[in-house]
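Residues 2 to 641 (my numbering) are what the sequence shown spells out, left to right. Using N, Cα and C, we set each Cβ at its ideal position, and we do this for glycine too. Predicted model only: the values in this text are computed from it and were never measured.
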Amino acid sequence: MSLRPRRLPTALLIDPPATARRRTALLSTALLGLALLAPPAFAQETPAPEAAPQWRHGVSLMGEPKYPADFKHFDYVNPNAPKEGLVRLSASGTFDSLNDIITRGTPAAGLQLIYDTLMAPAGDEVATEYGLLAEAVSYPADFSSVTYRLRPEAKWHDGQPVTPDDVVFSFEALTKNNPRQAYYYSHVKSAEKTGEREVTFTFDQAGNRELPQIVGQMRVLPKHWWTGTDASGKPRDIGQGTLEIPLGSGPYKVKQVSPGRSISFELADDYWGKNLPVNIGTNNFREQRYEYFRDSTVELEAFKGDQYDFNIETSAKDWATAYNFPAVKEGRVVLEEFPVRNSGSMQAFIPNLRRDKFQDQRVRRALNLALDFDGMNRTLFFGQYKRTSSYFQNTELASSELPQGKELEILESVKDKVPPSVFTTPYANPEGWSEGLRRGNLREAAKLLREAGYEVKGGKLLNAKGEPLTIEILLANPAFERVALFYKPSLERLGITLNVRQVDTSQYINRLRARDFDMIISGWGQSLSPGNEQRDFWGSEAADREGSSNYAGIKDPGIDALIEKVIYAKDREELVAATRALDRVLLAHDYVVPTWNYPNVRTARWNRFAHPEKLPDYSFSFPDIWWWDAALAAKTGGAK
Numbered sequence: 002m003s004l005r006p007r008r009l010p011t012a013l014l015i016d017p018p019a020t021a022r023r024r025t026a027l028l029s030t031a032l033l034g035l036a037l038l039a040p041p042a043f044a045q046e047t048p049a050p051e052a053a054p055q056w057r058h059g060v061s062l063m064g065e066p067k068y069p070a071d072f073k074h075f076d077y078v079n080p081n082a083p084k085e086g087l088v089r090l091s092a093s094g095t096f097d098s099l100n101d102i103i104t105r106g107t108p109a110a111g112l113q114l115i116y117d118t119l120m121a122p123a124g125d126e127v128a129t130e131y132g133l134l135a136e137a138v139s140y141p142a143d144f145s146s147v148t149y150r151l152r153p154e155a156k157w158h159d160g161q162p163v164t165p166d167d168v169v170f171s172f173e174a175l176t177k178n179n180p181r182q183a184y185y186y187s188h189v190k191s192a193e194k195t196g197e198r199e200v201t202f203t204f205d206q207a208g209n210r211e212l213p214q215i216v217g218q219m220r221v222l223p224k225h226w227w228t229g230t231d232a233s234g235k236p237r238d239i240g241q242g243t244l245e246i247p248l249g250s251g252p253y254k255v256k257q258v259s260p261g262r263s264i265s266f267e268l269a270d271d272y273w274g275k276n277l278p279v280n281i282g283t284n285n286f287r288e289q290r291y292e293y294f295r296d297s298t299v300e301l302e303a304f305k306g307d308q309y310d311f312n313i314e315t316s317a318k319d320w321a322t323a324y325n326f327p328a329v330k331e332g333r334v335v336l337e338e339f340p341v342r343n344s345g346s347m348q349a350f351i352p353n354l355r356r357d358k359f360q361d362q363r364v365r366r367a368l369n370l371a372l373d374f375d376g377m378n379r380t381l382f383f384g385q386y387k388r389t390s391s392y393f394q395n396t397e398l399a400s401s402e403l404p405q406g407k408e409l410e411i412l413e414s415v416k417d418k419v420p421p422s423v424f425t426t427p428y429a430n431p432e433g434w435s436e437g438l439r440r441g442n443l444r445e446a447a448k449l450l451r452e453a454g455y456e457v458k459g460g461k462l463l464n465a466k467g468e469p470l471t472i473e474i475l476l477a478n479p480a481f482e483r484v485a486l487f488y489k490p491s492l493e494r495l496g497i498t499l500n501v502r503q504v505d506t507s508q509y510i511n512r513l514r515a516r517d518f519d520m521i522i523s524g525w526g527q528s529l530s531p532g533n534e535q536r537d538f539w540g541s542e543a544a545d546r547e548g549s550s551n552y553a554g555i556k557d558p559g560i561d562a563l564i565e566k567v568i569y570a571k572d573r574e575e576l577v578a579a580t581r582a583l584d585r586v587l588l589a590h591d592y593v594v595p596t597w598n599y600p601n602v603r604t605a606r607w608n609r610f611a612h613p614e615k616l617p618d619y620s621f622s623f624p625d626i627w628w629w630d631a632a633l634a635a636k637t638g639g640a641k
């Protein structure tokens, strides 16, 4: 979850799995005893004993985990960080529920703080998880199931133990009440208690190496609380919203709620896991508070007025012009950019391929040619951005030049299903840094539209039926209106009518789910270890499934085949090659009109906080491993 969703880039608006919190926990490496032999049956030969399960203290898609079972704490934390102070964060809009597993209503920010997950990732490793509620994990060589062994000391905040029944209940509640969670865990055939502290998830397929870790990201909920009654004696319903403070097992408890306006969390002194090696140096603030703002302009002014502490700035314009107030000049507010090393993204104008007018690739390419990105970057973004040219931008997973080696082998295996151009022509966005290039792009766009059967009459671009080509861009974020309007003149020169429709967040989400739009400005975030989520992004099945992230409506057998090669890659080399092949084919179809990317996260903070000298490689981890610095706070003044 974003610390500050006010202007989060839409390329990063991906519904995460239930974990949402980087926490890790040490796992035991003790092996269980040998399994019992099956009894002999008449003259049949006695079966060989089953191999004892191999219990692991952590799992990684990149080989072996970095940290051994007996590590003391992560390398990137300060184990002596003080546990004090308040950190104030912001959120946009409002909230009306403290139950965030359901799709109805708007849940409060920060609820992940009160829950633990089975496993959680380390900040200095890629696709590596260590146990949190689970002390050990085991799975067979074919990845057809996974078993988690819970820690005996794991407790809910009311003192009751966390049990396998809680885990099974959580899985059933999540998949029943949340369509995205149901899809995310769709390959789990069953979840059952298989021991006093063990729970086993059986999958509907073998060979999918990512599934054990996907299950490990699941948030665990208290069965006894959700199936009990509230203070008035009314039975609780996990399928409904509620403002009753929920029971958790994590490092924080809900302290105070002002519905729709703010929510605060206080450090749980009796947190069962506070002394785990993986938790040392984390959860350092005595209180975390989220303040809500319904207007982005007011929200930014509130930051300047010291109403909250930490701001992620995603507007190039505001970064260039809005941070010249006195506190910055005096050093009381620190501006700092952190490199993004753990993810890539594609942000774009996304046409809805379910509509006939976008079915022809020549039309889609013409829309790309019409986008004056260089002018947009110069005029709107102060020249800060670069044009996106990959669905995995700024990572080693991005395709480039012509395919070779393993990537070429993979593409050859699906040669009959992919565009021939992937073997001969690298993808390139049109260049428009000069007026001559821009005019040339529009001439090429007009040519493609004529080839697609369109003709300009009376200044309007008409198809063979005499119907004008009109495009409505649907927006929920007012910040993108100026971007959409900048696109409009170029399209109008081609005879295309562009309308911009601004709606509220709820209506936007409903129309997105119902696929009721021509075009949106959105995108997809990517990890360094892509896998099953690719089906949700581009898979044919997802194109017709309400609530999926296949916004464009992509249905292509070549894409489907390459997704499976990504998911079932046997090692890192094969994964990188398969992902590059997938990227190359997605680009070759011109499904979207790529926009911009920026390699850093822009942040502004009131100078009251400290962090370890070396932050983890893949996250700046605010506020997880930062702490309140009393000396800095005294110089900065203001909030306590």
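Please report the Cβ distance between Trp597 and Thr389, rounded to the nearest whole angstrom; I am assuming they are in contact, meaning their Cβ atoms lie under 8 Å. 6 Å
In chain order, which alpha helix (DSSP H) runs of at least 4 residues are fully inside the segment 327 to 399? 327 to 330, 362 to 371, 374 to 381
Give every residue of the same chain whose Cβ lies closer than 7 Å to the Cβ of Thr95, excluding the five residues on either side of it in the sequence, and list them in chain order. Thr107, Gly261, Tyr293, Arg295
Cβ neighbours of Val457 in the same chain (closer than 7 Å, five flanking residues each side left out): Gly496
Between Arg105 and Glu547, what straight-line distance do the alpha-carbon atoms span, to the nearest angstrom? 15 Å
Give the single residue among Leu409, Asp557, Pro213 whose Cα lies nearest to the Cα of Lys418. Asp557
Please list the segments of the beta strand (DSSP E) lying wholly inside the segment 71 to 154, counting only runs of 3 or more residues, in order along the chain. 87 to 93, 120 to 122, 129 to 132, 135 to 139, 146 to 151
Do you know how far the Cα of Ser346 is from the Cα of Ala465? 37 Å
Nearest candidate by alpha-carbon position, reference Val60, set Val602, Asn353, Thr425, Ala121: Ala121
Can you tell me whether Phe75 is buried or exposed? The criterion is at least 16 other CB atoms within 10 Å of its CB, across all chains shown. buried
In whole angstroms, what separates the C-alpha of Ala485 from that of Ser550? 22 Å
Taking DSSP as the reference, what is the three-state secondary structure of Tyr184? helix
Selected residue, minimal CA-CA separation from Ile472, among Tyr488, Arg581, Glu211, Gly460: Tyr488
Contact set for Arg609: own chain, Cβ-Cβ below 7 Å, skip 5 residues either direction: Asp310, Trp629, Asp630, Leu633, Ala634, Thr637
Assign Tyr272 to one of three DSSP states: helix, strand, or coil. coil
What residue from Ala92, Ala137, Ser344 has the CA that sits closest to Val200's CA? Ala137
To test your reading of the DSSP string, which unbroken alpha helix (DSSP H) runs of 4 or more residues are found completely within the segment 235 to 322? 297 to 305, 317 to 322
Within the segment 393 to 433, note down every full alpha helix (DSSP H) run reaching 4 residues or more, in order along the chain. 406 to 414
Nearest to Glu643 by CA position, among Ala578, Gln535, Leu409, is which residue? With the chain covering only 2 through 641, there is no way to say anything about residue 643.
When the Cα atoms are used, what is the spatial distance from Asp143 to Leu119? 21 Å
Less than 7 Å between the C-beta atoms of Arg516 and Arg379, yes or no? no
Quick test of the definition: if touching needs 3 or more C-beta pairs under 8 Å, does the segment 402 to 412 touch the segment 334 to 345? no
What do you get for Pro421, buried or exposed, if any count of 16 or more other CB atoms within 10 angstroms of its CB means buried? exposed
Quick one: residues in its chain with C-beta nearer than 8 Å to the C-beta of Phe266, no 5 flanking neighbours on either side, listed in chain order? Gly111, Leu114, Ile115, Tyr253, Lys254, Val255, Lys256, Glu288, Gln289, Arg290
What number of angstroms, rounded off, separates the C-alpha of Ala317 from the C-alpha of Lys305? 17 Å
Start and end of the beta strand (DSSP E) containing Ile474? 471 to 476
N- and C-terminal bounds of the beta strand (DSSP E) containing Gln503: 498 to 503
Out of Tyr149, Thr498, Ser98, state which residue places its alpha-carbon closest to the alpha-carbon of Gln55. Tyr149
Span of the beta strand (DSSP E), counted from its first residue to its last, around Glu199: 199 to 204
Burial state of Asp584, where buried means 16 or more other Cβ atoms lie within 10 Å: buried
Inter-residue spacing [alpha-carbon to alpha-carbon] between Gly274 and Tyr428: 50 Å
Measure the Cβ-Cβ separation of Lys73 and Pro278 and say whether it is below 7 Å. yes
Below 7 Å between beta carbons: does that hold for Val127 and Leu449? no
Does the Cβ-Cβ distance between Asn325 and Ala605 come in under 7 Å? no
With DSSP collapsed to three states, give me the class of Pro165. helix
Rounded separation between Arg198 and Asn511 - CA only: 41 Å
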